[in-house]
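Quick notes on the structure that follows.
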Amino acid sequence: MKKAFCTLSLITLFSFLGQSTFSQTSLLINNVQIFNGKDEKTITGNVLVVDNLISKISTAPIATDKSGNTKIIDGKGKFLMPGLIDAHWHAIMTANTLEDLMEGEPGYAFIKSGKEATNTLMRGFTAVRDLGGPSFGLKKAIDEGVVAGPRIWPSGSIISQTSGHGDFRSVNERPVSLGGNLHHSEDIGGATIADGKDAVLVAVRENLKRGASQIKLTAGGGVSSVFDPLDVSQFTLEELKAAVEAAEDWGTYVAVHAYTDRAIQKSIEAGVKCIDHGHLMSDASLKLIGEKGVWLSMQPLDSAVRAGSSAEQKQKKYDVAAGTERIYAAVKKYHLKLAWGTDLLFDPRANSKQTSTIPLMGKWFSPFEVLKMITHDNGELLAFSGKRSPYRLGKLGVIEEGAYADLLMVDGNPLKDLKLMEDYEKNFVLIVKNGAVFKNTIK
């Protein structure tokens, strides 16, 4: 991690702060293999960035003004692609252990999250869909240039029923509805316990008020949670429909944590537009997802668990991981809209592996399909938030004129070797977000 912070030099920092405090210079990247995020074939050409958008892409030389305000980078034939997008991230929870969040000083946890946001950007991720946690303040700090980090599509607190996947209380702590107090996880905005239609409506509307771009509910059991077995379904159909209606009233959608048929099929019946995980579903649910045009956001999970996991949690993780092979193998059969995310949380030491699962996807998909998924396709899912999307000036996940200048240069061709994506410190030689250069080690 120390190398990543050394790369963020004073020049880089001034370049970043310049977006809001100084006149913006243009950026011209010459002589690169351009992968636009959509097409398998690359072109050798040049890319001009003006302010924070891609202004021109050309195979011919691009003329620049003579004012000296254009920074020119010789790409030396290296591979230029859109910045990476993680469609299932927890910006606060992944920067901290569960103990940090539940028992520690909140200020400490949030400061750690700022540092981890910079690490995330230095791993090549220029955008993330945050699927639960108090990330609104971090997002604002990033957008204002207080700290470097990726664009964040925040969900706000994880909305969970009592005893659900987002219920972090101990067994002896009573819910508010039974005379108890708000749990610390609720106080800091990490979770909201909502039972009944009215409570769900309030929870959804509260997140939307704070700036949520999409809503996250836990519709089924989970691995890391204590009280809910994997097979259980959470929230009634009425509660799920209430969440969907409240989100759609604001022009956005509901995503749910769900692994099993009952949780998935009930969620789709309620109008949910994105299923996150789904590793234990049957072909019937896969077919339904395809027919309804619902997004499936998955991870190539293994059976590893974080330190301190119980025997039951270890078994749950093994069961979920065992379903990975079958689901990925069936995705093309049912023509699913597939997104990719990592869902790392509560183990900051594991965050350095954020890009490590990218090569694993090569077991089921071609390198082109993988790169398209983690750029263009994930960008399409981000845009699914409609007018609640916090960044709507340009497209994301593509290199095209008018798109945001979120760019990643790789030393080598990942269309031929996905393993290049694993060693980001060595192979990611240029990182640009919103037109500003955050890393440049081109030799």
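For what it's worth, the working numbering labels the leading residue of the sequence shown as 7, then goes sequentially.
We put the CB at the ideal spot given by N, CA and C, even for glycine.
- Task: Just the C-alpha distance for K343 and N52, rounded to the nearest angstrom, thanks.
- Result: The straight-line gap from Cα to Cα measures roughly 31 Å.
- Query: In whole angstroms, what separates the C-alpha of I49 from that of V182?
  - Reply: The straight-line gap from Cα to Cα measures roughly 59 Å.
- Selection from A336, K320, G314 that minimises the alpha carbon distance to L294: The shortest C-alpha separation from L294 is found at A336.
- Is the Cβ-Cβ distance between Y259 and L236 less than 8 Å? Not in contact: Y259 and L236 (Cβ atoms no closer than 8 Å).
- Query: Which whole runs of the beta strand (DSSP E) in the segment 144 to 219 are 3 residues long or more, in chain order?
  - Reply: Within the segment 144 to 219, the complete beta strand (DSSP E) runs of at least 3 residues are 157 to 160, 164 to 166, 197 to 199.
- Query: With a CB to CB cut of under 8 Å and the five nearest residues on each side skipped, what residues in its chain are close to D325?
  - Reply: Excluding positions up to five away in sequence, the list reads L236, L286.
- Query: Does the segment 398 to 412 touch the segment 236 to 251, meaning 3 or more C-beta pairs lie closer than 8 Å?
  - Reply: Between the segment 236 to 251 and the segment 398 to 412 there are fewer than three inter-stretch CB-CB distances shorter than 8 Å, so the stretches are not counted as touching.
- Task: Within 10 angstroms of the Cβ of I117, are there 16 or more other Cβ atoms? Answer buried if so, exposed if not.
- Result: With fewer than 16 Cβ atoms within 10 Å of its Cβ, I117 is classed as exposed.
- Message: According to DSSP, simplified to helix, strand and coil, what is A93?
- Response: Strand.
- Assigned exposure category for S1 - 16 Cβ within 10 Å defines buried: This structure cannot speak to residue 1, because the chain is shown only from 7 to 449.
- Item | the segment 440 to 449 in contact with the segment 89 to 107 per 3-pair CB rule at 8 Å | Segment contact: the segment 440 to 449 against the segment 89 to 107, fewer than three CB-CB distances shorter than 8 Å; contact not assigned.
- Task: For chain C, find out if any of its Cβ atoms is closer than 8 Å to the Cβ of F390; answer yes or no.
- Result: Looking for chain C here will not work: only one protein chain is present.
- Item | Reduced DSSP secondary structure (H/G/I, E/B, other) of I333 | If DSSP states are grouped into helix, strand and coil, I333 belongs with the helices.
- Item | Identified DSSP bridge partners for V135 | First, the residue type needs correcting, since residue 135 is Arg and not Val in the sequence shown. For R135, which the question treats as bridged, DSSP gives the partners W159.
- In the DSSP assignment, find the alpha helix (DSSP H) that holds D349 and state where it starts and stops. In the DSSP assignment, D349 falls outside any alpha helix (DSSP H) and carries neither an H nor an E.
- Do you know how far the Cα of T100 is from the Cα of F434? Going by the C-alpha atoms only, they are around 22 Å apart.
- Within its chain, find whatever has a CB closer than 6 Å to the CB of G296; leave out the 5 residues flanking it on each side and keep chain order. Excluding sequence neighbours, G296 sits near Y340, H341, L342.
- Task: Helix, strand or coil for L402, going by three-state DSSP, please let me know.
- Result: Coil, per DSSP.
- Task: Using alpha carbons as the reference points, say which of K145, Q271, I35 lies closest to I60.
- Result: If we check each option's Cα against that of I60, I35 comes out closest.
- Is the segment 119 to 129 touching the segment 201 to 218 in the sense that three or more CB pairs, one from each, lie closer than 8 Å? Not touching, per the Cβ criterion.
- Using alpha carbons as the reference points, say which of S231, V376, F371, D383 lies closest to S316. With respect to the C-alpha of S316, the residue from S231, V376, F371, D383 having the closest C-alpha is S231.
- Task: Take T132 as the anchor and find which of A154, K146, G143 has the nearest alpha-carbon.
- Result: Of the listed residues, the one whose Cα sits closest to T132 is A154.
- Message: For a test of the three-state rule: what should DSSP assign to M427, helix, strand or coil?
- Response: Helix at M427.
- Rounded to the nearest angstrom, how far is the Cβ of I164 from that of T224, given a contact under 8 Å? Here I164 really is in contact with T224; their C-beta atoms are around 6 Å apart, less than 8 Å.
- Whole-Å CB distance - S32 paired with T65, under 8 Å assumed: The Cβ separation is near 19 Å, so there is no contact.
- Query: With L307 and T330 assumed to form a contact (beta carbons below 8 Å), what rounded beta-carbon distance in angstroms separates them?
  - Reply: With a Cβ gap of about 5 Å, L307 and T330 count as contacting.
- Query: Unbroken beta strand (DSSP E) runs of length 3 or more, entirely within the segment 285 to 323: which are they?
  - Reply: The qualifying runs are 301 to 304.
- Message: According to DSSP, is D80 part of a helix, a strand, or is it coil?
- Response: D80 falls in the strand class under three-state DSSP.
- Task: For my contact list, G162 and R211 are in at a C-beta cut-off of 8 Å; report their separation, rounded to the angstrom.
- Result: Contact flag wrong, Cβ pair sits at about 11 Å.
- Query: To which residues of the same chain is W256 closer than 8 Å at the C-beta, ignoring the five residues directly before and after it?
  - Reply: Excluding sequence neighbours, W256 sits near L214, R394.
- Message: Pop quiz: G347 and R135 are said to be a contact at Cβ under 8 Å. What is the actual Cβ separation, rounded to whole angstroms?
- Response: Rounded, the Cβ-Cβ distance is 7 Å, consistent with contact.
- Task: Could you please give me the residues that DSSP links to Q39 through a beta bridge?
- Result: Bridge partners of Q39 according to DSSP: T50, F85.
- Message: Which of the three DSSP states is assigned to I448 in this structure?
- Response: For I448, the secondary structure class from DSSP, reduced to helix, strand or coil, is coil.
- Quick one: give me the first and last residue of the alpha helix (DSSP H) that I364 is part of. Element bounds for I364: 363 to 366.
- For F85, I'd like the list of residues in its chain whose CB is within less than 6 Å of its CB, leaving aside the five on either flank, ordered along the chain. By the criterion of a C-beta distance shorter than 6 Å, F85 is surrounded in its chain by Q39, V416, N419, once the five residues flanking it on both sides are discounted.
- Whole-angstrom C-beta distance between K401 and G408, which should lie under 8 Å: That belief holds up - the Cβ atoms of G408 and K401 are roughly 7 Å apart, short of 8 Å.
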